[in-house]
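Peer 1: Structure below; questions to follow.
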Amino acid sequence: MTAPLPEVLSGRYRIERLLGAGGMSTVYRARDLLHEQFADPQPCVALKILSDDLSHSPDASAVLFNEFALIRHLRHPNILRMYSFNADTAHQRVFIVMELLQGPTLDRLLCERPLGLAWQELREIALPLLDALAHSHASGILHGDIKPSNILLSEEGVRLFDFGLGQAEAGRLDGLAAISRQRMNAWTPGYAAPEILEGAAPTRAADVYAMGCLLYELASGKHPFNRLLSTQARDQRPALPLKKPRHLPAHVWRAVRNALSFDPAQRTVTVAQLRAALAARRTCWPWPE
Ligand SMILES: Nc1ncnc2c1ncn2[C@@H]1O[C@H](COP(=O)(O)OP(=O)(O)O)[C@@H](O)[C@H]1O
Ligand SMILES: [Mg+2]
């Protein structure tokens, strides 16, 4: 049995309130009592604690540490900052201490905007987000779970977070334990590329597919394939028509449509190229470098 969550973790972090819960963990707002003692004007942090049902899984703590280690490796203004990885042995809890974000996640924003965002607003969100993911890919780190609830629009700008299903590409960050994603069973099927659903290892191209879904949703307010699994959408006959969202310029649509290719061999656009397409006033095939 896991001990109940205490009011103060590790004698230092006073838990104030629940911020959110995802497939694998629960995130709380907390006050850092040590920093408060030294009159830190901003003593509040966020704590990410594994869900009770996962705390006995042999891989669970390693998954949380993996997330911490991956994000710590990335330094980018639009990627959530991690402070430390801790264990409260008395209460049998491991947790991440991280930057506290204030603002809506993109899934909440989309609920309020069922018709999607206007082009300028979409661009203001998508450019820093694509920058963050391009930086991650350039550092050899795959996110693995791009979706609206893993992106937050804070007062200081866009933040990409939740690298819980992330992993380093082969040959990068070699010391880090390889985590079995399947065992954690925490997929978000609507954003997973067909090859991932069919058991392939994550790739940059799979992140590109998820990003294509997200950009489509931001532009139109709707998931490109009515929330179907990508394998179902691919195999549906007659094939689902994919309409250009009204707010997307034609050159951006070409890049987004390529990102939404079911066949990974056809999905040739990179995150950096998607970003370049959004940044450009007008461009055409082939993609700008
Ligand atoms: N640093 C943070 N500051 C504020 N809210 C956060 C923070 N991290 C996560 N959240 C909230 O908690 C939810 C779950 O966090 P997430 O890291 O996505 O966990 P999971 O891996 O379980 O999906 C997010 O969708 C968001 O609403
Ligand atoms: Mg999440």
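Residue 135 in the working numbering sits at position 147 of the sequence shown; the count goes up by one each step and never skips. Backbone N, C-alpha and C define an ideal beta-carbon position, used for all residues, glycine too.
Between the beta-carbon of D47 and the beta-carbon of S(-2), is there less than 9 Å?
Peer 2: Here residue 47 refers to the residue found at position 59 when the sequence shown is read from its first residue. Here residue -2 refers to the residue found at position 10 when the sequence shown is read from its first residue. Cβ atoms of D47 and S(-2): not closer than 9 Å.
Peer 1: Based on DSSP bridge pairs, tell me the residues matched to M86.
Peer 2: Position 98 of the sequence shown, counting from 1, holds the residue named residue 86. According to DSSP, which records beta bridges pairwise, M86 is partnered with A34, M70.
Peer 1: Looking at the unbroken alpha helix (DSSP H) that takes in A114, where does it start and where does it end?
Peer 2: Here the question's residue 114 lines up with position 126 in the sequence shown. Note, A114: alpha helix (DSSP H), 107 to 126.
Peer 1: Please determine whether the Cβ atom of A180 lies at a distance below 8 Å from any heavy atom of ligand 1.
Peer 2: By one-based count along the sequence shown, residue 180 stands at place 192. Outside the cutoff, so no.
Peer 1: Just how far apart, CA to CA, sit L185 and R81?
Peer 2: The residue given as residue 185 occupies position 197 in the sequence shown. The residue given as residue 81 occupies position 93 in the sequence shown. Cα to Cα, the separation comes out at about 32 Å.
Peer 1: Which residues share a DSSP beta bridge with V51?
Peer 2: Mapped onto the sequence shown, residue 51 falls at position 63. Answer is none; V51 lacks a bridge partner.
Peer 1: Confirm the yes/no value for this check: CB of K36, any heavy atom of ligand 1, distance under 8 Å.
Peer 2: Counting from 1 along the sequence shown, the entry for residue 36 is found at position 48. Indeed, a heavy atom of ligand 1 lies less than 8 Å from the Cβ.
Peer 1: Using 10 angstroms around the beta-carbon of P190, count the other beta-carbons present and answer buried if the total reaches 16, otherwise exposed.
Peer 2: To locate residue 190, count along the sequence shown from 1; it is residue 202. Counting Cβ neighbours within 10 Å, P190 comes out buried, since at least 16 surround it.
Peer 1: So, at 7 Å on beta carbons, what are the nonlocal neighbours of G104 in its own chain, with the 5 sequence-adjacent residues on each side left out?
Peer 2: What you label residue 104 is simply residue 116 of the sequence shown in a count that begins at 1. Excluding positions up to five away in sequence, the list reads L206, A207, S208, G209, P233, H235.
Peer 1: Any residue with its C-beta under 5 Å from a non-hydrogen atom of ligand 2 counts. Can you list them all in chain order?
Peer 2: Checking every Cβ against the heavy atoms of ligand 2 under 5 Å gives G10, N138, D150.
Peer 1: Start and end of the alpha helix (DSSP H) containing R17?
Peer 2: Taking the first residue of the sequence shown as position 1, residue 17 is located at position 29. Not the alpha helix (DSSP H): R17 falls in the beta strand (DSSP E), residues 13 to 20.
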